[in-house]
Structures are given as C-alpha cells and as structure tokens.
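According to my numbering, the sequence shown is numbered sequentially starting from 3.
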Amino acid sequence: MSDSKATVLVPGKIHPRVLERFEGQVEIITAPSGAEPALSADVAARIKAIAVSGGVNARWIDALPNLEIIANFGVGYDGVDTKHAASRGIVVTNTPDVLNDEVADTTIALLINTVRRLYQAESYLREGKWAANGPFALSPFSLRGRKVGLFGMGRIGQEIAKRLEPFKVEIGYHTRSKRSELPYTYYASLKEMAQAVDVLICIVPGTAETHKVLNAEIFAALGSNGVFINVGRGSSVDEDALLKALQDGVLGAAGLDVFYAEPKVPDAFLSLPNVTLLPHVASASVPTRNAMADLVADNVLGWLKERKALTPVPETPVKG
Ligand code: NAP
Ligand code: 8YV
C-alpha cells in the first residue's frame with residue numbers, strides 16, 4: 003500500500019497520455035487484459051476506477067468491490083458490460099464528440115478511395131507500371147449521381163452527412179427514431195434504405211440489436227453497383243455474407259475500417275480487388291487521440307476529486 007491517493011486500474015494497453023495525466027495524481031495499477039483480473043484481494047479492494055481501451059466484463063467488475071467508475075477510451079463502449087456496471091451503481095464514461103470530425107473526414111476518404119480505387123492507382127505508379135504499361139484502368143465506379151444512406155445519424159453520422167452535402171449526392175438515413183430537424187430522407191427500415199440507395203455507410207454502435215444486421219439480404223438490396231462503407235463496428239456485419247456478395251459481384255465494392263474479430267481480418271478480403279481495408283484508424287491521428295486520452299483522464303480525475311463525470315454513457319447517468 004503506497005499513500006492515500008486513489009487507485010486506478012489500467013488493464014491492458016492505453017494511450018500513454020492517459021498515464022501521463024494520472025502521474026502523481028493517483029496510484030496506477032497495471033494488469034494484463036484477459037478474461038478476469040489476476041489481482042490480490044488487497045489490491046482489488048483499493049481500486050476505485052478503471053481506465054481502459056478494450057473491454058471490461060462482469061468478472062472484472064465483480065472482482066473489484068469498491069469500483070466506482072470505468073472510463074472507456076473510445077466513443078463506442080461495446081466492450082464494457084454497462085448493464086452489469088449499472089447494476090452495481092458504477093459509472094461508465096466514453097469519449098464522445100472530440101473525434102467526430104476526424105472520423106467523418108476518414109469516412110469520406112475511405113468512401114472516395116473505395117469508389118475511385120486511389121490506393122490501387124498509387125500502387126500502380128509506385129510499382130513502375132504507369133511508364134511500363136500506360137494509364138491505370140478507369141475506375142468502374144464513380145460518386146457522381148449516387149444516393150448515400152447512413153445507417154446511424156448520431157454525432158458522427160451528422161458530421162459525415164454535412165461533409166457529403168458539397169459532393170452533390172442525395173443523402174438519407176436509417177435510425178430507430180426519425181430526426182425531423184434534419185434535411186435528409188428518413189427510411190423506416192435498413193432494408194428499405196438499402197433498396198433505395200447505392201452507397202450505405204454504417205456508423206451505428208455495436209449492440210445486440212445491430213449484431214450482423216448487415217447481411218446477405220442488405221448487400222443484395224444494395225446491388226452490383228452498390229458500395230458498402232463500415233466505420234461503425236465489425237460486429238454489425240455478417241462477414242461471410244459480405245465476402246460472398248463481393249466475390250459474386252452481388253455487391254459492387256466495400257471500404258472497411260472495422261472488422262468482426264479485430265485485429266484478425268479474413269484472408270479472403272485481402273485478395274479481393276473491390277475492397278479497401280483500413281486497420282481501425284478512423285480516429286487515429288495524434289491530435290484526436292490526445293483529445294480522447296484527455297477526456298478519459300478528465301473523467302477519472304473529475305470523478306475521484308469531485309464525483310464529476312464529464313461524459314457518462316446513457317446507461318449509467320450521473321445525478322446532480
Ligand atoms: P451516437 O451519437 O450515439 O449515434 C448513434 C446513432 O446510431 C444514432 O443515430 C442512433 O439513432 C443510431 N442507432 C443506434 N442503434 C441503432 C439501431 N439498432 N438501429 C438503427 N440505428 C441505431 O454515436 P456516435 O458518436 O455517432 O458513434 C457511433 C459509433 O461509431 C460508435 O458507437 C462506435 O462504435 C463507432 N465509431 C467507430 C470509430 C472508428 O474508429 N471506426 C470511431 C468512432 C466511433 P437511434 O437511437 O435513433 O436509433
Ligand atoms: C478508437 C473507436 O480507435 O471511439 C471509438 O469507438 O472505435 C475508435 O475511436 C477505439 O475505440 C480505441 O482504440
């Protein structure tokens with residue numbers, strides 16, 4: 003036991019700025035991530051807060067009798083068992099808003115790269131094929147004249163939609179609740195939207211309700227001219243169905259930043275000419291990740307000092 007500073011557990015790796023911000027303010031305990039924590043009862047009893055980039059399941063929560071707050075690095079908190087945390091009166095926080103612009107910018111880049119095959123074109127140049135073989139092949143697809151449907155119209159979805167406006171595409175969305183204040187076409191179901199548009203962008207959270215809802219039926223509805231972009235969560239996609247749709251030409255192309263079992267990406271994706279693949283980098287710039295790290299630290303330190311959580315998730319609201 004060190005001194006009277008509050009103890010914060012950091013399971014697995016986290017952005018170094020979070021640890022820098024904690025330095026001198028709290029006692030930091032690091033532990034390997036895993037199914038359950040390997041901590042002595044004495045240490046476990048001291049822990050009041052968790053700062054995590056990854057997951058916290060019910061077994062971790064139950065192993066920490068005095069836990070008060072779980073601060074998640076990321077706006078998506080599908081790795082944290084919020085229901086169990088709520089049942090114990092533990093606050094969960096995430097990192098909303100500070101990454102909206104970065105993720106929306108990356109989404110537009112991923113969309114254009116997927117449609118216009120810019121990565122393949124640059125590789126062609128770098129490999130000396132331009133001089134040797136002549137111009138790069140015309141891209142089969144264009145953004146011109148397209149209808150874009152956003153699956154999700156929250157903080158990030160709205161930034162993506164705003165960025166799409168100057169591209170002169172039609173914009174629609176599907177969410178559970180209609181946002182009447184927005185100037186975009188609302189579709190009451192995902193299938194109805196997939197039938198009406200030829201670009202579908204997924205920016206919903208990974209929940210039980212969104213699990214594998216992007217399936218063979220949706221990809222067929224998008225069609226052979228259709229483009230699917232995923233910057234939400236890989237868990238929303240039936241990857242076998244997506245692969246088959248891309249291989250069979252049922253779906254035109256896909257741009258993916260997130261995958262079902264990250265960091266594993268099914269080998270079959272790598273050999274497909276009509277996909278653009280990114281290693282979950284939509285928010286991955288130094289300034290944006292620093293802002294996310296600061297918000298994690300501010301949530302933990304604010305809670306420990308003044309019982310003030312800046313960004314609690316809706317499942318664990320903080321009163322007062
Ligand atoms: P948000 O503000 O909470 O927005 C979520 C949107 O999804 C809302 O429009 C919500 O509308 C809709 N939605 C939720 N469940 C739905 C369902 N079952 N069916 C239809 N629509 C549903 O969240 P955000 O800040 O925009 O972030 C969205 C997600 O993006 C995050 O949770 C995270 O998973 C992902 N993300 C990924 C990256 C990356 O690096 N690739 C970075 C940041 C975020 P309704 O509630 O009306 O349905
Ligand atoms: C992060 C994200 O990369 O915020 C999210 O939900 O998916 C990304 O911004 C991730 O959460 C932390 O590594």
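We treat Cβ as the ideally placed atom computed from N, Cα and C, and that holds for glycine.
Residue 247 is a Cβ neighbour of residue 218, given a cutoff of 9 Å. For the pair of segments examined, the region 199-212 was found to touch the region 230-246: the number of CB pairs separated by less than 8 Å reaches three. Not one heavy atom of ligand 1 is found less than 8 Å from the C-beta of residue 17. Separation of residue 61 and residue 97 (C-alpha to C-alpha, rounded to the nearest whole angstrom) is 24 Å. Taking a cut-off of 8 Å for Cβ pairs, the region 187-200 and the region 148-163 touch, as three or more such pairs fall below it. For residue 230, the secondary structure class from DSSP, reduced to helix, strand or coil, is strand. Spanning the alpha carbons of residue 156 and residue 77 requires a straight line of approximately 12 Å. DSSP places residue 176 in the uninterrupted beta strand (DSSP E) bounded by 172-176. Rounded to the nearest whole angstrom, the CA to CA distance from residue 300 to residue 93 is 14 Å. Within the same chain, 176 come within 8 Å of residue 191 by CB-CB distance, once the 5 residues on both sides are set aside. Counting C-beta atoms within 10 angstroms of its own C-beta, residue 146 has fewer than 16 neighbours from the protein chains shown and is therefore classed as exposed. Boundaries of the alpha helix (DSSP H) around residue 302: 288-308. Going by DSSP, residue 257 is part of the beta strand (DSSP E) stretching over 255-258.
For residue 16, there is no enclosing beta strand (DSSP E), since its DSSP letter is neither H nor E. In this structure residue 23 is buried. Its beta-carbon is surrounded by 16 or more other beta-carbon atoms within 10 angstroms.
Not a single heavy atom of ligand 2 lies less than 8 Å from the C-beta of residue 297. Listed in chain order, the non-local C-beta contacts of residue 161 below 7 Å within the same chain comprise 102, 103, 106, local neighbours out to five positions each way being set aside. Taking residue 80 as reference, the option from 57, 66, 69 with the minimal CA-CA separation is 57. Between the beta-carbon of residue 305 and that of residue 70 there is about 7 Å, and that keeps the pair under the 8 Å contact cut.
In terms of Cα proximity to residue 179, the closest of 87, 188, 173 is 188. Between ligand 2 and the CB of residue 97, the shortest heavy atom gap is smaller than 8 Å.
In this structure, the beta-carbon distance from residue 208 to residue 252 does not fall below 9 Å. In this chain, the alpha helix (DSSP H) harbouring residue 60 covers 60-64.
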